[in-house]
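In this text, residue positions in the sequence shown follow my numbering: the first is 1, and each later residue adds one.
The beta carbon of each residue, even a glycine, is placed where N, CA and C say it ideally should be.
Every value quoted in this text rests on a predicted model; they were computed, and no experiment measured them.
Report on the following structure.
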Amino acid sequence: MDHLNDALAKLKLASADGASDSVENCLDRLLKALGSDNAEASVKIQETGILPLLPALLSPQSSCSPKVANVIAELAKNEFMRSPCVQAGLIPPLVQLLNSGDQEVLLQTGRALGNICYDSHSLQGQLIAMGVIPTLVQLLGIHSHNAALTEMCLVAFGNLAELESSKEQFAATDIARELVRLFQKQAEHEKKEMILEVLAPLAENDAIKLQMVEAGLVECLLEVVAQTVDGEREEDVAQLKTASDLMVLLLLGDESMQKLFEGGKGSVFQRVLSWIPSRNHQLQLAGALAIANFARNDGNCIHMVDTGIVQKLLELLDRHVCEGNVTVQHAALSALRNLAIPVVNKSKMLTAGVADVVLKFLPSEMPPVQFKLLGTLRMLIDTQADAADRLGTNAKLVERLVEWCEAKDHAGVMGESNRLLSALIRHSKSKEVVRSVIRGGGVKHLVTMATSEHMIMQNEALVALGLVAALDLVAAEEDFAAASLVAVLHRLLSDERSAPEIKYNSMILICSVMGSEPLHKEVQSRPFVDVVSKLRSHESKTVSHQASLTEQRLTAQS
């Protein structure tokens, strides 16, 4: 440590005199001490107060700059030294050095900034605000032949890309083109993986997604898939997953997705289709997710159903009833749900047997699969009375729905179960379906659904309950009373926040349940007339008209 103390004392004098030879000699000794015992040497350097002298030595004109930056990089390996480095004002002069043409200066400067800002989003945010992103992208383009500099840029991009504030700056550069060009040159697996890991967070931005597609990234990814699909090595499996996941991510952007779809004739779209029958689970997953992403507008959905994609997805699901790969099940159901959204597709998909295959997953205990299963069936029966009738009288389905309506640990499953239960009644308008739901114990869940915080769910529940009351009030009156339906309706009508549709359907239901003697008595026991009479002046003509009719009914039978 005596040698270090001597070097630090000389560095103070030399930096004051501007003697560059002496400064370089002192810096060499500092680097040697840091290489021997970094932590102890760092403490000593901080104690001597040398850090505030370093900004002046980081001048672009100084021949000492690379060694000074190297010293800072070594110091900042220690977490306890990062804050002192910032306080000493080292970041601004280091950022300036990124404009240097000297590759050694650039390398050591990048190391120093990377170590100082390591794991600190606030400091990385400062670098972004100081404009380092365009500078680093430019450096990657100029020095792509320098492996060490390239790696430094990739590490920096990987860290900065995690910050949302970086995406706009990245989008204004040639980052996609530079990274794709670099990827195409690589032979090493590790470097390719590193580039893919940088591309993934950047691809969360829609503008960058499109740039990546235009730069030819998709072709690179398809090549990686082709090279690794049959590989058994760990690195092949990892690279296949990274490449196929990134492919799916690119399809989340509307413009990039449509560019790759090319009216269903695109070579990329065709290649992705070939993944679905693959024996590789990762490719099956990526293929199904890709179809789900392509199926984000009606035109694409109609084209895909007309060209036989549904059959491929059903065959895939059939393979996974027994194999039970949950991620593949979830992805294939997601694709089917999206494809079922256009009205013209519903009957075609029902004829193809989609509902029957989906019902095979009713025993699943996996909430993600349950959620997609429910959503797919709900989309399929929308406006399809026969299908709603057939499913609504399926005792096993109704029993499972009622069970899932109580899945309080899984709000999504619980909500979708309620919505499907309501949809079966609303779209079938069938007395048999109503009786099936009553027998299965579903009425109380529809009453609870009417109190949901989501207006659309409230309305769906009220319409379904109105049909239950209209089609078989006698069978339902006991369940209505037990679920406090009348109290719920009074609360909905009294609540000023209730939407006009909610008030209208609540009044329709009030009129219906008055056909039951016990429910009529309960209606009479509450001040419904006062609440309803206020609604006669409601701004909605539909609500005010229904309020007049409801008031007449209430007063006539009081």
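A direct Cα-Cα distance of roughly 10 Å separates residue 65 from residue 27. Distance check between residue 53 and each of 36, 39 and 72 places 72 closest, using alpha-carbon atoms only. With a threshold of 16 other beta carbon atoms within 10 Å, residue 121 falls short and is exposed. When only Cα atoms are considered, residue 216 and residue 141 end up about 17 Å apart.
Per the coordinates, the alpha-carbon of residue 204 lies some 15 Å from the alpha-carbon of residue 244. DSSP places residue 116 within a helical segment (H, G or I) once states are collapsed to three.
Between residue 469 and residue 512 a beta carbon distance of about 4 Å is seen, short of the 8 Å cut, so the two are scored as contacting. The stretch 324-338 and the stretch 288-306 touch, with three or more beta-carbon pairs separated by less than 8 Å. Per DSSP, reduced to three states, the secondary structure at residue 505 is helical. For residue 143, there is no enclosing alpha helix (DSSP H), since its DSSP letter is neither H nor E.
For residue 330, the uninterrupted alpha helix (DSSP H) segment begins and ends at 326-339. Taking the Cβ atoms as the reference, residue 316 lies roughly 5 Å from residue 276, within the contact range of under 8 Å. Comparing alpha carbon positions, the residue from 220, 189 and 147 closest to residue 176 is 220.
With a cutoff of 9 Å on beta-carbon distance, residue 193 and residue 238 are scored as near each other.
Contact check for residue 411 against residue 460 fails: the beta carbons are separated by 9 Å or more. Considering only 467, 364, 242 and 342, the residue with the shortest C-alpha distance to residue 321 is 364. For residue 185, the CB contacts under 8 Å within the same chain, skipping 5 residues up- and downstream, are 144 in chain order. The count of Cβ pairs closer than 8 Å, one atom from the stretch 431-449 and one from the stretch 493-510, stays below three, leaving the stretches out of contact.
Here residue 70 carries a helix assignment [DSSP, helix/strand/coil]. Annotation for residue 216: no alpha helix (DSSP H) segment contains it, and DSSP assigns it neither H nor E. Within the same chain, 506, 509 and 510 come within 7 Å of residue 489 by CB-CB distance, once the 5 residues on both sides are set aside.
In this structure, DSSP gives residue 455 a helical state, which the three-state scheme calls helix. Secondary structure of residue 426 (DSSP, three-state): helix. At the C-beta level, residue 342 and residue 305 come within 9 Å of one another. Closest in alpha carbon position to residue 75, among 113, 524 and 129, is 113.
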